[in-house]
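Okay, so the sequence shown: first residue is 1 according to the numbering used here, each after it adds one.
Before any comments, here is the structure.
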Amino acid sequence: MSPIAWRCVLSALLAVVGLASARSARAADPAAEARQAWQLLDYIAVDYPAAIQSGEVVDAGEYAEMREFTASVSAKLAALPPGAGHAARLANAKQLEGLVAERADAEQIARSAGALASELLTVYRIEAAPAAVPDLARGAALYAQQCTACHGATGRGDGPAAAGMDPPPIAFTDADRAKHRSPLSLYQVISQGLPGTAMMSYAHLSNDDRWALAYYTGGLAYDAAAREQGAAVWADNEQVRRVFPDLAALSGATEADISKTLGADRARAITAYLRGEPSAVAASSPVNSNASLALARQRLQQSVAAYRSGDRGQASALALSAYLDGVEPVEPQLGSRNRKLLRQIESAMATLRARIGEGAPTSAVEAQAAAVGQLLDRSESALADRSNSTTTAFLGSFTILLREGVEALLIVIGMIAFLRKAERRDVLPYVHAGWIGALLAGGVTWAIATYAVSISGAEREVTEGLSALFAAIVLLSVGIWMHQKSMAGRWQQYLQEKMSAALTRRSATFLFVLSFVAVYREVFETILFYAAMWNEHDSSAILAGLGLGLVVLALIAFALLRLGTRLPIGQFFRFSSILIAVLAVVLVGKAVAALQEAGWISQALVAVPQIEWLGLYPTWQSILAQLAVAAIAIFGFVANARGAKAMPAAHEPPRGAA
1 MSPIAWRCVL SALLAVVGLA SARSARAADP AAEARQAWQL LDYIAVDYPA AIQSGEVVDA
61 GEYAEMREFT ASVSAKLAAL PPGAGHAARL ANAKQLEGLV AERADAEQIA RSAGALASEL
121 LTVYRIEAAP AAVPDLARGA ALYAQQCTAC HGATGRGDGP AAAGMDPPPI AFTDADRAKH
181 RSPLSLYQVI SQGLPGTAMM SYAHLSNDDR WALAYYTGGL AYDAAAREQG AAVWADNEQV
241 RRVFPDLAAL SGATEADISK TLGADRARAI TAYLRGEPSA VAASSPVNSN ASLALARQRL
301 QQSVAAYRSG DRGQASALAL SAYLDGVEPV EPQLGSRNRK LLRQIESAMA TLRARIGEGA
361 PTSAVEAQAA AVGQLLDRSE SALADRSNST TTAFLGSFTI LLREGVEALL IVIGMIAFLR
421 KAERRDVLPY VHAGWIGALL AGGVTWAIAT YAVSISGAER EVTEGLSALF AAIVLLSVGI
481 WMHQKSMAGR WQQYLQEKMS AALTRRSATF LFVLSFVAVY REVFETILFY AAMWNEHDSS
541 AILAGLGLGL VVLALIAFAL LRLGTRLPIG QFFRFSSILI AVLAVVLVGK AVAALQEAGW
601 ISQALVAVPQ IEWLGLYPTW QSILAQLAVA AIAIFGFVAN ARGAKAMPAA HEPPRGAA
């Protein structure tokens with residue numbers, strides 16, 4: 001195949017990555033609009049009673065603000081891209097706008113605004129919980145620095161800058177108003193600001209800082225006596241602890257909501273305590289596996305309900321959320337205990353999404369959702385079983401590192417061996433810089449994922465999918481090029497005359513990028529796995545498994561490098577080209593599967609076994625992608641062989657040469 005043809009193929013394939021990345025960038029704006037709409041809806045639900053009472057306007061300024069905010073919600077939703085359920089959400093926003101115009105009662109407004117806000121939270125996956133336990137001491141310091149000028153030192157809204165503000169700053173100590181505010185709603189206001197008021201956005205603060213500030217301000221309406229009473233309720237009552245299985249449940253809860261379950265007195269006490277001691281929730285649920293699986297069940301129920309009502313798009317989005325937000329967070333723990341069960345869940349949930357996508361009868365969707373529910377019950381039992389947990393943690397840690405590390409190792413060792421054979425050790429620093437940089441970037445990723453932002457399941461799958469796709473494209477072109485050279489003969493002459501020109505600085509930079517992407521893809525996934533697995537009880541076993549995995553990977557690297565030095569150079573190039581082509585086939589299968597799990601590519605199931613290490617997944621899309629890459633590789637190899645036969649005899653290697 002001519003160099004021009006290969007450039008065209010490579011450019012076309014790389015365009016796929018570019019388009020996908022562009023799509024990811026475009027997708028950020030709708031989410032921001034949805035977050036702002038959610039924030040306005042929350043504000044309307046809380047502040048409407050201050051404007052209207054018994055159908056009469058009691059505060060003209062507040063009422064004008066309510067009219068403005070409902071109109072803004074309608075405008076923001078109208079600006080979102082059309083999709084499943086979009087028309088219904090827009091109609092609900094218009095209905096809310098009409099209710100405010102008609103001065104409907106506060107309960108009806110709160111119910112309508114709350115329902116629409118909850119739907120936005122689900123559909124657009126608005127961040128609903130901190131990644132780590134909020135630091136209240138940090139929140140107090142931030143409040144003193146950033147908020148006292150307007151809201152006052154104690155949160156009464158009487159700061160020195162408050163005079164003349166219209167509307168005036170919120171009094172966080174207002175107990176009636178505080179009943180209807182959740183830490184999540186405060187977090188959104190801190191992050192987005194509030195249009196039409198003096199409240200500016202504090203998006204420049206880190207995610208952890210904004211959550212710390214939200215929890216601190218959310219606790220200013222409660223005194224020490226209420227917190228002490230709440231501590232006693234929390235310690236003595238299992239029912240109360242079940243209401244808050246994780247930080248997501250606590251962050252989205254208002255005192256008013258809690259009172260419907262626990263009663264007014266206990267609701268106030270427990271809200272006071274947990275907003276001041278959110279670590280109590282984290283301590284009661286170390287791995288949050290029950291909460292994750294509970295979320296998966298909730299999303300399944302919502303998905304089936306949406307399907308019954310005829311909203312297939314919403315049903316599909318909720319079914320995908322059940323996997324990404326409910327099952328994927330516990331994959332490392334479940335995979336280390338019962339990998340077969342994990343595969344059954346993944347297959348069953350993929351089947352459910354396929355049933356929804358193809359418009360199957362409601363009974364079939366309900367039956368498949370019930371089957372998934374039974375598997376989730378088994379998963380809960382498996383995760384609750386702490387017998388042999390140390391051994392399980394050790395083996396899980398070891399196999400995760402080995403599984404994720406071998407692919408990257410093969411690519412990097414292949415490049416190193418190739419450059420040594422080509423006597424181009426001067427380019428090796430580029431390869432080493434790539435994989436070392438990937439490890440450092442992995443450390444930064446761990447810090448960001450732990451202390452700054454929460455990496456969602458969808459973001460993880462998209463990152464893995466796009467990086468695997470990029471690596472597959474590059475490996476395919478490199479594999480065919482190496483095979484072409486393996487057919488050429490007179491290796492030493494070729495290397496002496498051509499390699500200095502072939503490996504320009506541009507090519508060396510390309511090797512750096514390939515080394516970085518190949519390793520970072522695996523480091524990224526490995527870090528997220530270890531972060532999900534980590535717990536103090538099994539920490540020694542996890543570290544031991546990690547250490548053994550590193551030793552085994554080092555031995556594999558040593559063996560591969562020794563093998564590469566012993567092979568004749570012609571055989572080395574032929575062997576390497578075939579191995580690289582196989583890796584490209586494996587990676588493209590994994591890339592498509594990851595993008596399917598993120599919801600970027602549809603799924604059409606086929607009855608084949610799932611073999612992860614081959615990149616084989618039971619969907620037509622992933623299999624066809626693998627067949628396409630394999631066909632391109634075979635076509636390139638055949639073209640190379642024919643081209644070699646057509647070469648003049650003078651170019652054949654001497655007898656006995658490799």
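All C-beta atoms, glycine included, are put in the ideal place defined by N, C-alpha and C.
7 angstroms Cβ cutoff met for residue i and residue j
{"i": "A354", "j": "L605", "result": "yes"}
{"i": "K179", "j": "A256", "result": "yes"}
{"i": "A472", "j": "L587", "result": "yes"}
{"i": "P278", "j": "V133", "result": "yes"}
{"i": "L184", "j": "A140", "result": "no"}
{"i": "V582", "j": "A625", "result": "no"}
{"i": "G155", "j": "P169", "result": "no"}
{"i": "Q368", "j": "L342", "result": "no"}
{"i": "S292", "j": "V330", "result": "yes"}
{"i": "Y124", "j": "A34", "result": "yes"}
{"i": "Y63", "j": "A75", "result": "no"}
{"i": "D398", "j": "L548", "result": "For clarity, residue 398 is Phe in the given sequence; the question names Asp instead. Cβ distance < 7 angstroms, so F398 and L548 count as in contact."}
{"i": "L41", "j": "A113", "result": "yes"}
{"i": "T445", "j": "I542", "result": "no"}
{"i": "A106", "j": "Y43", "result": "no"}
{"i": "L77", "j": "A37", "result": "yes"}
{"i": "V629", "j": "L469", "result": "no"}
{"i": "L334", "j": "S363", "result": "no"}
{"i": "G252", "j": "L295", "result": "no"}
{"i": "A350", "j": "G465", "result": "no"}
{"i": "L80", "j": "P160", "result": "no"}
Bridge partner(s) assigned by DSSP for residue i
{"i": "V412", "result": "DSSP output for V412 lists no bridge partner at all."}
{"i": "I556", "result": "In DSSP, I556 forms no bridge with anything."}
{"i": "Q53", "result": "E56"}
{"i": "I611", "result": "L616"}
{"i": "L605", "result": "T619"}
Residue i, buried or exposed, once every other Cβ within 10 Å from all chains shown has been counted against 16
{"i": "Q603", "result": "buried"}
{"i": "R642", "result": "exposed"}
{"i": "D426", "result": "exposed"}
{"i": "E662", "result": "Examination of residue 662 is not possible in this model, given that the chain is present from 1 through 658 alone."}
{"i": "V365", "result": "buried"}
{"i": "M66", "result": "buried"}
{"i": "R299", "result": "buried"}
{"i": "G263", "result": "exposed"}
{"i": "N640", "result": "buried"}
{"i": "T261", "result": "exposed"}
{"i": "V100", "result": "buried"}
{"i": "Q492", "result": "Residue placement at Q492 cannot be trusted, given a pLDDT of 47 that sits under 50; what the coordinates show is reported in the next sentence. With fewer than 16 Cβ atoms within 10 Å of its Cβ, Q492 is classed as exposed."}
{"i": "R308", "result": "exposed"}
{"i": "A91", "result": "exposed"}
{"i": "E346", "result": "buried"}
{"i": "S500", "result": "Low local confidence applies: a pLDDT of 47 at S500 is under 50, so the model's placement there is unreliable, with the coordinate-based value given in what follows. By the neighbour-count rule (16 or more Cβ atoms within 10 Å), S500 is not buried but exposed."}
{"i": "A322", "result": "buried"}
{"i": "W613", "result": "exposed"}
{"i": "F418", "result": "buried"}
{"i": "M200", "result": "exposed"}
**OP:** Taking 8 angstroms as the threshold, find out whether the segment 190-205 comes into contact with the segment 229-245 through three or more Cβ pairs.
**Re:** Contact between the segment 190-205 and the segment 229-245 is absent: fewer than 3 CB-CB pairs across the two stretches fall below 8 angstroms.
**OP:** Could I get the ranges of all uninterrupted alpha helix (DSSP H) runs contained in the segment 193-227, with 4 residues as the minimum, in chain order?
**Re:** 207-218, all fully within the segment 193-227.
Subject >> Stretch pair the segment 134-148 + the segment 205-216: three plus CB contacts closer than 8 angstroms >> reply: In short, these stretches touch, since the Cβ pair count reaches three.
Original post:
Counting Cβ pairs, one atom from each stretch, are 3 or more of them under 8 angstroms apart for the segment 578-590 and the segment 547-566?
Top reply: A contact between stretches requires three or more CB pairs, one per stretch, nearer than 8 angstroms, and the segment 578-590 fails this requirement with the segment 547-566.
**OP:** Only counting runs of 4 or more residues, tell me where the alpha helix (DSSP H) segments fall wholly within the segment 241-304, in order along the chain.
**Re:** If only uninterrupted alpha helix (DSSP H) runs of at least 4 residues are considered, those enclosed by the segment 241-304 are 247-251, 255-262, 264-276, 279-284.
Subject >> Three or more C-beta pairs below 8 angstroms linking the segment 257-273 and the segment 298-317 >> reply: Taking one beta carbon from each stretch, the segment 257-273 and the segment 298-317 have fewer than 3 pairs nearer than 8 angstroms; the two do not touch.
Subject >> Segment contact, 8 angstroms Cβ cut-off, at least three pairs: the segment 403-417 with the segment 429-442 >> reply: Because the criterion of three Cβ pairs below 8 angstroms is met, the segment 403-417 and the segment 429-442 touch.
Original post:
Would you call the segment 516-524 and the segment 434-441 in contact, with 3 or more CB pairs under 8 angstroms?
Top reply: With three or more CB-CB distances shorter than 8 angstroms, the segment 516-524 counts as touching the segment 434-441.
**OP:** Please go through the segment 106-133 and give each complete alpha helix (DSSP H) segment of 4 or more residues, from N-terminal end onward.
**Re:** For the segment 106-133, whole alpha helix (DSSP H) runs of length 4 or above, ordered along the chain, are 106-123.
Original post:
Taking the runs of the alpha helix (DSSP H) that are 4 residues or longer, which of them lie wholly in the segment 142-200?
Top reply: You should have 148-151, 175-178, 183-192.
Original post:
What runs of the alpha helix (DSSP H), each 4 residues or longer, lie entirely inside the segment 293-381?
Top reply: Entirely contained in the segment 293-381, the alpha helix (DSSP H) runs reaching 4 residues are, in chain order, 312-321, 331-337, 339-357.
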